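A.B. asks: Protein chains in written order, with numbering that gives the first Met the number 0: chain W, 0 to 123; chain C, 0 to 489. We put the CB at the ideal spot given by N, CA and C, even for glycine. Because the structure is a prediction, the values reported are computed rather than measured.
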Amino acid sequence: MIESYLPILIQALIASGFAGVTLLLSVMLGKSSKRNAMKDSAYECGMLPLGEAQPRFSVKFYIVAMLFVLFDIEVVFMYPWAIIFKDYVNTIGHDIFWSMMGFVSILLVAFIYAWKKGALRWDN
Amino acid sequence: MNPLNIELGLGVLGLLLLLAEPFLSSSRKVLAYVAIAGLLVALLTLITSGGSMSVPATMQEFYIADALALFYKGVAIISTLAVIIISLEYAPVLNKFVAGDNARGKEAGLGEFVSLPLFVCVGMMVMASAKDLITIFVSLELVTVSFYVLVSFMRRSAMSLEAGVKYLILGALSTGLLVYGMAWVYGLTGQMSLDGIQKALVNWKGDNTPLLFGAALVLAGLGFKVAAVPFQIWVPDVYQGAPTPITAFLSVGSKAAGFAVLTRVVETFTAKGSVIGDQVIQLLLILAGATILVGNLSAIAQTNFKRLLGYSSIAHAGYLLLALACVHQHSLAIAPRNIVAFYLATYLPMTFLCFLVLSAAKAQGVGEDLKSLKGLGHKSPLLGLALTIALASLAGLPLTAGFMGKMFVIFAATYESNYLCLALAIIGAATGFYYYFKVILTIYSTPEVETEKIRLSVLSKVMLGVFVAAIIVIGVYPDAIQHVLVAAVK
Numbered sequence: 000m001i002e003s004y005l006p007i008l009i010q011a012l013i014a015s016g017f018a019g020v021t022l023l024l025s026v027m028l029g030k031s032s033k034r035n036a037m038k039d040s041a042y043e044c045g046m047l048p049l050g051e052a053q054p055r056f057s058v059k060f061y062i063v064a065m066l067f068v069l070f071d072i073e074v075v076f077m078y079p080w081a082i083i084f085k086d087y088v089n090t091i092g093h094d095i096f097w098s099m100m101g102f103v104s105i106l107l108v109a110f111i112y113a114w115k116k117g118a119l120r121w122d123n
Numbered sequence: 000m001n002p003l004n005i006e007l008g009l010g011v012l013g014l015l016l017l018l019a020e021p022f023l024s025s026s027r028k029v030l031a032y033v034a035i036a037g038l039l040v041a042l043l044t045l046i047t048s049g050g051s052m053s054v055p056a057t058m059q060e061f062y063i064a065d066a067l068a069l070f071y072k073g074v075a076i077i078s079t080l081a082v083i084i085i086s087l088e089y090a091p092v093l094n095k096f097v098a099g100d101n102a103r104g105k106e107a108g109l110g111e112f113v114s115l116p117l118f119v120c121v122g123m124m125v126m127a128s129a130k131d132l133i134t135i136f137v138s139l140e141l142v143t144v145s146f147y148v149l150v151s152f153m154r155r156s157a158m159s160l161e162a163g164v165k166y167l168i169l170g171a172l173s174t175g176l177l178v179y180g181m182a183w184v185y186g187l188t189g190q191m192s193l194d195g196i197q198k199a200l201v202n203w204k205g206d207n208t209p210l211l212f213g214a215a216l217v218l219a220g221l222g223f224k225v226a227a228v229p230f231q232i233w234v235p236d237v238y239q240g241a242p243t244p245i246t247a248f249l250s251v252g253s254k255a256a257g258f259a260v261l262t263r264v265v266e267t268f269t270a271k272g273s274v275i276g277d278q279v280i281q282l283l284l285i286l287a288g289a290t291i292l293v294g295n296l297s298a299i300a301q302t303n304f305k306r307l308l309g310y311s312s313i314a315h316a317g318y319l320l321l322a323l324a325c326v327h328q329h330s331l332a333i334a335p336r337n338i339v340a341f342y343l344a345t346y347l348p349m350t351f352l353c354f355l356v357l358s359a360a361k362a363q364g365v366g367e368d369l370k371s372l373k374g375l376g377h378k379s380p381l382l383g384l385a386l387t388i389a390l391a392s393l394a395g396l397p398l399t400a401g402f403m404g405k406m407f408v409i410f411a412a413t414y415e416s417n418y419l420c421l422a423l424a425i426i427g428a429a430t431g432f433y434y435y436f437k438v439i440l441t442i443y444s445t446p447e448v449e450t451e452k453i454r455l456s457v458l459s460k461v462m463l464g465v466f467v468a469a470i471i472v473i474g475v476y477p478d479a480i481q482h483v484l485v486a487a488v489k
């Protein structure tokens with residue numbers, strides 16, 4: 000049982016060993032002690048870094064992203080429901096339809112609420 | 000009648016109020032009155048047809064409507080009613096911290112502040128009936144997620160936001176612990192329903208360590224929700240930062256629902272013959288002892304009334320846990336689950352009274368420090384008297400409801416011979432007298448600056464009268480609650 004985990008251990012050892020050896024070699028071979036402003040600056044693929052590291056985004060982006068996730072999840076739930084619908088509609092009956100309609104209508108309320116509250120307006 | 004209808008009705012009402020909010024042009028207070036009317040109808044339905052409710056066969060696996068469930072459903076509805084009435088008092092403060100300067104006249108945010116407690120109420124009512132891990136989890140999340148929004152509702156107040164972030168992070172952590180524990184219990188027993196888990200625990204062969212690990216994680220997760228030490232760190236800051244009606248809701252409603260679930264879970268773990276029964280009782284006793292001690296001792300030094308009530312809420316959770324741990328006593332006529340229910344029923348009116356006074360005071364420009372409450376008893380004699388009765392009851396003065404609750408807990412612990420916890424409970428009760436009476440002393444002392452008389456709306460006055468009456472009636476005639484608990488079975 001426990002022997003079957005041996006490859007993982009070896010993999011972990013190789014990974015950490017490679018990282019360790021690389022770091023050690025760069026200290027031994029490179030001129031690591033010499034520091035200057037250029038060396039300490041952020042490395043941006045060779046470009047000079049511009050602007051701030053964390054620019055501020057308008058809150059509108061977050062609202063749209065949240066709404067997207069919300070309605071994306073709705074579809075995630077609807078796919079499996081649509082697939083099993085035909086198999087179960089005879090055994091469970093109409094409940095299988097109305098339970099999904101209930102779920103969708105709750106989300107519809109949320110959608111109308113978000114719309115009326117101006118969450119979808121971009122121009123203010 | 001299907002008991003789930005009440006929950007569904009309240010949920011639909013919450014959705015309709017949410018939908019009405021952006022379309023409404025008149026005062027947002029209408030929404031609060033509609034919610035109050037809806038909750039009253041739900042309460043009436045529960046009282047009149049509670050006994051005759053039957054759970055359909057398809058739901059019996061995960062939903063139960065016994066006396067305990069109906070009792071906690073009632074507690075959920077009454078606390079939601081009280082919260083909405085208190086938020087009407089608190090509306091000016093909410094408006095100040097929710098709306099920007101240009102939208103201040105429009106009562107921004109009050110509509111959502113009414114509909115979200117309804118969702119919490121639905122969650123708490125389902126929690127009261129849940130007897131299956133999935134149902135417990137989903138209903139608990141409905142409550143917790145709504146609370147994340149409510150706690151950080153005053154978005155222009157840095158303290159409310161801080162409280163929201165703290166509650167979110169620790170709430171997520173506790174949910175993680177709870178779900179991890181549930182996964183262990185389910186993985187080991189192969190059962191989702193509490194009945195099935197109980198059977199598996201009784202018939203368990205072999206090592207019980209993994210089971211104990213799962214059970215301890217579940218207890219830790221629920222310990223966060225009911226604010227048991229050492230899972231209480233979030234309480235003072237969140238209680239202080241959250242809008243006052245929500246603090247009251249957290250400290251009564253959320254705790255009651257947490258204990259409803261905890262009662263069922265602990266009864267499952269400690270059932271007769273369960274292989275982890277004794278260890279779970281030990282764990283509960285340790286939690287209870289630590290909670291009583293830390294809650295009461297930390298409350299002594301508090302100068303902010305809201306924080307003091309937060310620590311008081313921790314201390315009371317300790318007594319409740321102690322009652323839960325007393326599973327063996329047979330000589331006492333009242334079962335531990337009923338002691339817990341009784342204690343929560345007494346805890347509800349006294350805590351809400353304190354928060355009602357606090358909200359009204361804050362809305363009318365008085366601070367939340369103990370110092371700024373000075374002279375309240377002289378300026379508004381009736382309000383001062385109500386607060387005095389509530390605080391005396393929280394301390395456990397005889398002839399008030401709080402005394403009977405504590406007495407039952409101490410009786411149960413005596414029968415069980417938990418002498419260490421008994422000693423801690425008595426030390427805690429004695430400490431309580433000091434810090435609750437310090438508040439009473441403050442409100443009757445002479446203020447440094449003249450304060451205005453605090454005015455209450457008619458609804459709040461009715462609530463004040465009903466709760467004061469409840470404290471005294473239960474304190475003199477505790478059988479009233481016992482009858483409710485027993486009669487609901489018939």
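Going by DSSP in three states, Y476 (chain C) sits in which element: helix, strand or coil?
C.D. replies: coil
A.B. asks: Between F22 (chain C) and chain W, is the shortest Cβ-Cβ distance under 8 Å, so that the two count as touching?
C.D. replies: Closer than 8 Å to some Cβ of chain W, the Cβ of F22 (chain C) qualifies, so yes.
A.B. asks: Inspect the beta-carbon positions of L321 (chain C) and V408 (chain C) and report whether they are closer than 8 Å.
C.D. replies: yes
A.B. asks: Which chain C residues sit within Cβ distance under 8 Å of Y112 (chain W)?
C.D. replies: L17, L18, E20, P21
A.B. asks: Between the C-alpha atoms of I333 (chain C) and K224 (chain C), what's the straight-line distance to the nearest angstrom?
C.D. replies: 25 Å
A.B. asks: Over the uninterrupted alpha helix (DSSP H) stretch that includes T174 (chain C), give me the two end residues.
C.D. replies: 157-188
A.B. asks: Counting C-beta neighbours from all protein chains within 10 Å, is the total for S15 (chain W) 16 or more, i.e. buried, or is it exposed?
C.D. replies: exposed
A.B. asks: Is Q239 (chain C) near G170 (chain C), with beta carbons less than 8 Å apart?
C.D. replies: no
A.B. asks: Which residues in chain W sit within 8 Å of L493 (chain C), going by Cβ to Cβ distance?
C.D. replies: Nothing can be reported for residue 493 (chain C): it is not among the residues displayed for chain C, which extend from 0 to 489.
A.B. asks: Indicate whether at least one CB of chain W lies closer than 8 Å to the CB of L261 (chain C).
C.D. replies: no
A.B. asks: What residues from chain D crowd round L14 (chain C), counting only those whose CB sits closer than 8 Å?
C.D. replies: Among the protein chains in the structure shown, which are W and C, there is no chain D.
A.B. asks: Leaving aside the five residues before and after S392 (chain C) along the sequence, list all residues of the same chain whose C-beta is less than 6 Å from its C-beta, in chain order.
C.D. replies: M349, T399, A400, G401, I470
A.B. asks: For V178 (chain C), which residues from the same chain have a beta carbon less than 8 Å from its beta carbon, with the 5 sequence-adjacent residues on both sides left out?
C.D. replies: F136, G220
A.B. asks: Please list, in chain order, all residues of the same chain as F61 (chain C) whose beta carbon is under 6 Å from its beta carbon, the five residues on each side excluded.
C.D. replies: Contacts found: D131, T134.
A.B. asks: Would you say Y318 (chain C) and K405 (chain C) are within 8 Å of each other, going by their C-beta atoms?
C.D. replies: yes
A.B. asks: Helix, strand or coil, according to DSSP, for E111 (chain C) in the structure here?
C.D. replies: Residue state for E111 (chain C) is assigned as helix, using DSSP reduced to three classes.
A.B. asks: Can the beta-carbon of A34 (chain C) be found less than 8 Å from the beta-carbon of L117 (chain C)?
C.D. replies: yes
A.B. asks: Name the two residues that bound the continuous alpha helix (DSSP H) containing T134 (chain C).
C.D. replies: 132-150
A.B. asks: Could you tell me whether the Cβ of K38 (chain W) comes closer than 8 Å to any Cβ of chain C?
C.D. replies: no
A.B. asks: Where R55 (chain W) and Y61 (chain W) are concerned, what is the direct C-alpha to C-alpha distance, given to the nearest angstrom?
C.D. replies: 12 Å
A.B. asks: Specify, as a first and last residue, the run of the alpha helix (DSSP H) that T262 (chain C) falls within.
C.D. replies: 254-268
A.B. asks: Per DSSP, what kind of secondary structure is N89 (chain W) in: helix, strand or coil?
C.D. replies: helix
A.B. asks: Within its chain, find whatever has a CB closer than 6 Å to the CB of V467 (chain C); leave out the 5 residues flanking it on each side and keep chain order.
C.D. replies: A385, I388
A.B. asks: Pull up the distance between the alpha-carbon of A429 (chain C) and that of L419 (chain C), whole angstroms please.
C.D. replies: Their Cα atoms are separated by approximately 16 Å.
A.B. asks: Does F76 (chain W) pass the burial test, meaning 16 or more other C-beta atoms within 10 Å, or should it be called exposed?
C.D. replies: exposed
A.B. asks: According to DSSP, simplified to helix, strand and coil, what is D194 (chain C)?
C.D. replies: helix
A.B. asks: Taking only three categories from DSSP, how would you classify A129 (chain C)?
C.D. replies: strand
A.B. asks: Of all the CB atoms in chain C, is at least one closer than 8 Å to the CB of K85 (chain W)?
C.D. replies: With 8 Å as the cut-off, K85 (chain W) does not count as an interface residue toward chain C.
A.B. asks: Can you tell me whether E43 (chain W) is buried or exposed, with buried defined as 16 or more other CB within 10 angstroms of its CB?
C.D. replies: exposed
A.B. asks: Helix, strand or coil for M153 (chain C), going by three-state DSSP, please let me know.
C.D. replies: coil
A.B. asks: By DSSP, does E43 (chain W) sit in helix, in strand, or in coil?
C.D. replies: strand
A.B. asks: Verify whether the separation of the beta carbon atoms of Y342 (chain C) and G383 (chain C) is less than 8 Å.
C.D. replies: no
A.B. asks: Is the beta carbon of Y112 (chain W) closer than 8 Å to that of F372 (chain C)?
C.D. replies: At residue 372 (chain C) the sequence reads Leu, which differs from the Phe that was named. Contact flag unset, no.
A.B. asks: Could you check the C-alpha separation between I91 (chain W) and N1 (chain C) for me, to the nearest Å?
C.D. replies: 19 Å
A.B. asks: Beta-carbon separation of S86 (chain C) and G13 (chain C) under 8 Å?
C.D. replies: no
A.B. asks: Using a cut-off of 7 Å between C-beta atoms, extract the partners of K115 (chain W) located in chain C.
C.D. replies: P21, F22, listed in chain order.
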